[in-house]
Amino acid sequence: MPERSCALAIISIPDVVYPVPMTDGDEERPPVPATVLGFERSVRLNTYEQGEVVAIFSSAGEHIRTYCGHGWAVIPEDDRPLIAGQILSHNHPGDTAFSKNDLAMAADYRLREIRVVGASARWTMRPGRRGWPAPGAIRGRYGGLERSAGIADAVEGRLLSMSVSFSPAERYAVSLRIRSELCCKKIADEFGLVFRIERWQRE
């Protein structure tokens, strides 16, 4: 199999979303550089075979680094000085919000913002007035939430409220997305972070 290119592709298709603020403080959200939005639209429909792509941008939208991985991308520790305090965006082929490792890394690198896109939505998280908590605190709390009966019950309630007929595989995928969103919302509320969801409009 030929080696897969990891070049950054910036496209000019207009960004078509409607915002759904999930926490207070969204009015303070800084403008998102067009380069970041273009990258996200270029990778949001990536399949598992195409893998995860991570891109690092400055607050002004300058592209700094791109990393690719089959399943997930690995960021070299040597690149920490280049990444700390910047914007990190990536895709989730499984169409879920942030994992506990995503948010722990964002806290560890003190990112300006972490972003992820999938087929259904764009999710963003940034520090609030208190800044990022300790990485271990996020990882531990998220891990507890995703195993909790409360989250499981909330996921089931959301699924039952949907007037959609799912196949078993679809139901499982949607349940993972809902669970990740609920965990992220709870993490944001407890640690004073700013979580936002934007659903892609049908095109």
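Per the numbering used here, the sequence shown starts with residue -17, numbered consecutively.
Glycine included, each C-beta is placed from N, C-alpha and C at the ideal position.
Predicted model only: the values in this text are computed from it and were never measured.
Following the DSSP letters along the chain, one finds A155 inside the alpha helix (DSSP H) bounded by residues 150 to 173. Within the region 105 to 133, the complete alpha helix (DSSP H) runs of at least 4 residues fall at 117 to 128.
Spatial neighbours of A116 in its own chain (CB-CB distance under 8 Å, excluding positions within 5 residues in sequence) are listed in chain order as A89.
In this structure, DSSP gives N83 a helical state, which the three-state scheme calls helix.
By the Cβ criterion, the region 59 to 72 is in contact with the region 32 to 45, since at least three pairs of Cβ atoms, one from each stretch, lie closer than 8 Å.
Around the beta carbon of M87, a 10 Å sphere encloses 16 or more other beta carbons of the protein chains shown; the residue is thus reported as buried. The straight-line gap separating the alpha-carbon atoms of D135 and L158 is approximately 13 Å. Contact check for I96 against L70 passes: the beta carbons are separated by less than 9 Å.
When DSSP assignments are scanned along the region 16 to 45, the uninterrupted stretches of beta strand (DSSP E) that are 3 or more residues long and fall wholly within it turn out to be 34 to 39.
Under the three-state reduction of DSSP, L70 is assigned to strand. In this structure, R112 lies near G174, with their beta-carbon atoms less than 9 Å apart.
Shortest Cα-Cα distance from C166 to any of A79, A151, V156, R181 involves A79.
Listed in chain order, the non-local C-beta contacts of E163 below 6 Å within the same chain comprise A79, local neighbours out to five positions each way being set aside. Taking every protein chain shown into account, the CB of M144 has fewer than 16 other CB atoms within 10 angstroms, so this residue is exposed.
Only exposed fits S149, as fewer than 16 other CB atoms lie within 10 angstroms of its CB. For the pair P13 and F21, the Cα-to-Cα distance works out to about 15 Å.
For I65, the enclosing alpha helix (DSSP H) starts and ends at 62 to 65.
Annotated three-state conformation of G76 is coil, per DSSP.
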